[in-house]
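Enquirer: Have a look at this one.
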Amino acid sequence: MGFLADMRHGRGFGVHSPWAYTMVMDVLRQKAAYYRYGDVDALFARKADRRVARAVFRILVSLRPGKVTVAGPPEWEKVVGYAGSAAADGPELLLVANPDSTDAKSIIDRIGPDGIAVIIRNSGYENLISELNSILPHTHGYILDTVRSLAIVNLRRDLPRQYLRARW
């Protein structure tokens, strides 16, 4: 039953937040080639890593964050650089490429009250997501978990609280 629910959300049904719907349908499920995919692909050897890097690249281009902090290997900083210039009024974004090295409380503290965190799946991913699920009901945030590869944690106050799992 969980797989069917994930597929349903992956098609945009049951997504209450317009922001999350846009992220699922227009950013994560985007099939068009972007202008720096070749550069992003050159950073990663495995196809699965390239797929996640392309998704992170699309998220960065879509959000145009004001500031990006990278917690992880240096190739992720290059992906951030390829995404282009930041918007002056954009949200603060934290890219966590190694979930083992951080905990949920430090992520919430680092991104502030209106920030966004993108967490790339790694060995500590499941524990970190469950920690975030226990903390987020006490904040104005929610998690968009893409099941296989990454999660987006959004703390903006103008969005509804929701834990959403979507396959893309």
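Position 160, counted from 1, in the sequence shown is what numbering that gives the first Met the number 0 calls 159; the numbers after and before it change by one each time, with no gaps. Ideal Cβ placement from N, Cα and C applies to all residues, glycine included. Just so it is clear, the structure is predicted and the values come from calculations on it, not from any experiment.
(1) By how many angstroms is the C-alpha of Thr101 removed from the C-alpha of Pro112?
(2) Would Leu62 and Ile115 qualify as a contact pair, given that the criterion is a beta-carbon distance under 9 Å?
(3) Helix, strand or coil: how does DSSP classify Ala70 here?
(4) Hey, Asn97 and Pro72: beta-carbon distance below 9 Å or not?
(5) Please report how far the alpha carbon of Asn153 lies from the alpha carbon of Val117, in whole angstroms.
(6) Quick one: give me the first and last residue of the alpha helix (DSSP H) that Ala47 is part of.
(7) Is the separation between the beta-carbon of Ser148 and that of Arg109 shorter than 9 Å?
Expert: A quick look at the data gives this:
(1) As a position in the sequence shown, residue 112 is number 113, starting the count at 1. As a position in the sequence shown, residue 101 is number 102, starting the count at 1. Going from the Cα of Pro112 to the Cα of Thr101 covers about 18 Å.
(2) Residue numbering aside, residue 62 sits at position 63 when the sequence shown is read from its first letter. Residue numbering aside, residue 115 sits at position 116 when the sequence shown is read from its first letter. A contact, by the Cβ cut-off of 9 Å.
(3) The residue you call residue 70 lines up with position 71 of the sequence shown. Correct three-state label for Ala70: strand.
(4) Translated into positions along the sequence shown, residue 97 becomes position 98. Translated into positions along the sequence shown, residue 72 becomes position 73. Yes. Within cutoff.
(5) As a working note, residue 153 is residue 154 in the sequence shown. As a working note, residue 117 is residue 118 in the sequence shown. When rounded, the distance between both Cα atoms is 9 Å.
(6) Against the sequence shown, residue 47 aligns to sequence position 48. Counting along the chain, the alpha helix (DSSP H) containing Ala47 begins and ends at Lys46 to Leu62.
(7) Reading the sequence shown from its first residue, position 149 is the one you call residue 148. Reading the sequence shown from its first residue, position 110 is the one you call residue 109. No, the Cβ-Cβ distance between Ser148 and Arg109 is not below 9 Å.
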